[in-house]
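Student:
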Amino acid sequence: MSTLADAGDINLGDIDGQLFRIPEADLTHLVAELERRSMDRKKAPAIAKILEKLRPRLAIVKPERQATLVRFFAEPFSDLLYNTGEPRKPVGRIPRSTIVPCYRLFQEYADAARVARYQEDLESIDKDNDAALLELGTGFWRYASGRIREALTAADRDRNVKASIIEKLGDETVYAALMEMAGVLEVAVPVMELRQALPSTGLKSVTNTDLEHICTALNTVHRQRPANTEFIVFVILARLQNPSMIVDIMQRAEEAGTVADVSGITNIANEAIVSQTEEKIRGLQEKINSAESGQDLALQTEKFVKDVLGAARAVGSSGSRMQARQVQRTKTEMADLVRREMLEALDGQVATDLFAMSQPNGDRDPVEAQKSVEDRIVSLRITDRFADELGLDRDVNQRLAQLEHNIGAQSEALLNTIRSRNFSAVDPDEAERQLFSQVRMTELLLGPEKANQLRLEGTRLLNET
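Position in the sequence shown (first residue = 1) + 1 = the working numbering.
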């Protein structure tokens, strides 16, 4: 069985059996190590399953004493947080598990009495009083970013200091997250103001009022810290229903007279779009592993493909050649994944199910076999809607044609059996069941007219028996 070193030799194959016996320190180390390993795309699906088993334990872990202030600390970069093992958001850059170790490092560099006063002030403010919270945050986030930047500056100057900080945090993944946090906290006020001004999610279009808020945030950050403008872009991206809209928004911002470097911002946006398209491969692989039906998987894949195509159009019009090649490579990888996992991998099962449909005494339940074939037909029909975009139209058409041939041959063989009145091979009740199975398959493949013709012919022959 696989175990995790330095965490009490926790047996990863028996998480259920030892879940509530793992010491808290070992649990913290285990989660951090799993987060690190999940960065490897090949390991991510398996890691996600382990983390899912840990959820009951994580859900009852008592909050830190400073949990309220921890959440306030993390609020400006909450759009960038993601859960390891799940498909990332367009701007997922900071693993959620890194918040506490980074906050603890901040506490080491902070004045404890001052932090305590922030905690007291926070507790005295109504949670719905956005203005008061922003006023408190103006001081707290500036102070937090200053202390973290002090640690990062010391680390840049001295390798030993950096090694010590990384050891305290856990690993370099958390250190990278710390740098992201510092960047957001340095411009936390305009970030929070823009977040409050825009809808939280699902933004389909940007109004002139929305654009005004965006330009204000861009200009403010550009004047304060030009290098941190990317975090305004991430706030916008997190709220867009289609991330590729960001390119048009930046063009409109330029026309509106923003002083920010729109060319540089657009490149940042394109990088985020490219990163998200690459993440789509991981997301699709996870959907394949967890899909309950071919139909559901095909619908999910169609959405993934639309997102990638939208990204390709956006990057194609404003991105670099390298970015365009990256998106094209993702598109090719997605096509290979669909061909391998959704088409070729199921060919053998379809052949088995087709045979089982006409074998009432076989090992496979004919009704279940029929449902499986129906699901295959529907999933192929859905896949056919986007197959051309991935260069898979020939693969899909060949399989649909093969199904039409096989179903047609089975239907004709059944009609011949009924005509011959060879009820030693199949009794009338079973013949009727098989007939309506074939009618259903024919309807899905060739439409209701052909299916009705088969139904009428089969019913007529059965009535003559």
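Just so you know, even glycine gets a beta-carbon here, dropped at the ideal spot from N, CA and C.
1. Does Glu-391 come out as helix, strand or coil in the three-state DSSP assignment?
2. Consider the C-beta atom of Lys-50 and the heavy atoms of the ligand FAD; say whether any pair is separated by less than 7 Å.
3. How about Leu-106 and Leu-179: do their beta carbons lie closer than 8 Å?
4. Between the C-alpha atoms of Glu-173 and Ala-164, what's the straight-line distance to the nearest angstrom?
5. Rounded to a whole number of angstroms, what is the C-alpha to C-alpha distance between Glu-342 and Asp-249?
6. In the DSSP output, what is Tyr-104 paired with across the bridge?
7. I'd like to check one pair, Glu-187 with Asn-229: are the Cβ atoms closer than 8 Å?
8. Assuming Glu-458 contacts Leu-415 under a Cβ cut-off of 8 Å, what Cβ separation, rounded to an integer in Å, is found between them?
9. Return the chain-ordered list of same chain residues with a C-beta closer than 6 Å to the C-beta of Lys-332, the five sequence neighbours on each side being excluded.
10. Please report the straight-line C-alpha distance between Lys-451 and Val-339, rounded to a whole angstrom.
11. Mind checking which residues open and close the alpha helix (DSSP H) that includes Ala-357?
12. Can you give the Cα-Cα distance for Arg-66 and Leu-219, rounded to whole angstroms?
13. With a Cβ-Cβ cutoff of 8 Å, do Gln-350 and Met-358 count as a contact?
14. If I'm right that Ile-215 touches Val-222 with Cβ under 8 Å, what's the distance once you round it to whole angstroms?
15. Please look up how many angstroms separate the CB atoms of Gln-296 and Ile-408, rounded, as I've assumed it's under 8 Å.
16. For Leu-212, tell me which candidate among Pro-244, Arg-253, Pro-227, Arg-224 has the shortest Cα-Cα distance.
17. Report the residue from Ala-152, Leu-137, Pro-361, Asp-385 whose alpha carbon sits nearest the alpha carbon of Cys-103.
18. Could you tell me which residues DSSP puts in a beta bridge with Tyr-176?
19. Give me the Cα-Cα distance between Ile-247 and Ile-237, rounded to the nearest whole angstrom.
Tutor: Once the coordinates are examined:
1. As written in the sequence, residue 391 is Leu, which differs from the Glu given in the question. When secondary structure is reduced to three states using DSSP, Leu-391 falls in the helix class.
2. Among the components modelled here there is no ligand, and therefore nothing to report on the ligand FAD.
3. Yes, these two residues count as a Cβ contact at 8 Å.
4. 9 Å
5. 35 Å
6. In DSSP, Tyr-104 forms no bridge with anything.
7. If you check the CB distance, Asn-229 and Glu-187 come in under 8 Å.
8. Wrong, their Cβ atoms sit about 10 Å apart, outside the cutoff.
9. Once the five neighbours on either side are set aside, the close Cβ partners of Lys-332 are Val-309.
10. 30 Å
11. 348–358
12. Reliability of the predicted coordinates at Arg-66 is poor, the pLDDT of 39 falling under 50, and no value is obtained from them.
13. no
14. About 11 Å separates the two Cβ atoms, so there is no contact after all.
15. Gln-296 to Ile-408, Cβ: 18 Å. No contact.
16. Arg-253
17. The candidate whose alpha carbon is nearest that of Cys-103 is Ala-152.
18. In DSSP, Tyr-176 forms no bridge with anything.
19. 8 Å
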